[in-house]
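Written below as structure tokens is the structure these notes are about.
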Amino acid sequence: MDSKIEFLREVAAQNNTHGLNLKCSTWKKPHRRHKATRQLITDEWKRVTNGSDTNKNLLTYFNVEAPPSVYPSKKYCDITGLKAGYKSPGNGLRFCNSEVYSLVIKPMAPGIDQEYLKLRGDNVVLK
1 MDSKIEFLRE VAAQNNTHGL NLKCSTWKKP HRRHKATRQL ITDEWKRVTN
51 GSDTNKNLLT YFNVEAPPSV YPSKKYCDIT GLKAGYKSPG NGLRFCNSEV
101 YSLVIKPMAP GIDQEYLKLR GDNVVLK
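For the sequence shown, UniProt numbering assigns the number 127 to the last residue and increments by one with no breaks.
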């Protein structure tokens, strides 16, 4: 038993990395990564109340517009609101699992499914 402890002490002595400096000596912690929300609002308030029309095209945090996302929109279950991976072939309702489909969507009356689709904005409007 003592030989095992001595062996472990020898290995620990060989693997002593306490003296090694693994960090870069020139690295410094950044002073501030982002502006605080209060400071953003204050800057925007100063810009608005200044009244200068020369900076109409000046980009700020509040007027930057982004193009539409290239990612597909997320689809949620019409019944539970969870992430939906399935769509009912009969009425087009989205559902998250087979339990929701078998207990709620399958026995649903014909008019009620259009109400759920209306909430999502995907209902059929006959003219």
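Beta carbons: idealized from backbone N, C-alpha and C, even for Gly.
Rounded C-alpha distance that separates Tyr76 from Ile112: Each residue's Cα considered, the two are about 18 angstroms apart.
Bridge partners - Lys29, DSSP secondary structure assignment: Paired residue(s): none; Lys29 is not in a bridge.
Collapsed DSSP secondary structure at Lys87 in the structure displayed: Three-state DSSP puts Lys87 in a strand.
Gly62 in three-state terms, based on DSSP: Note that residue 62 is Phe in the sequence shown here, rather than Gly. In the structure shown, Phe62 falls within a coil segment according to DSSP collapsed to helix, strand and coil.
Supposed contact pair Leu93 and Leu119 - C-beta distance, whole angstroms, cut 8 angstroms: Their Cβ separation, rounded to whole angstroms, is 11 angstroms, which puts Leu119 and Leu93 out of contact at 8 angstroms.
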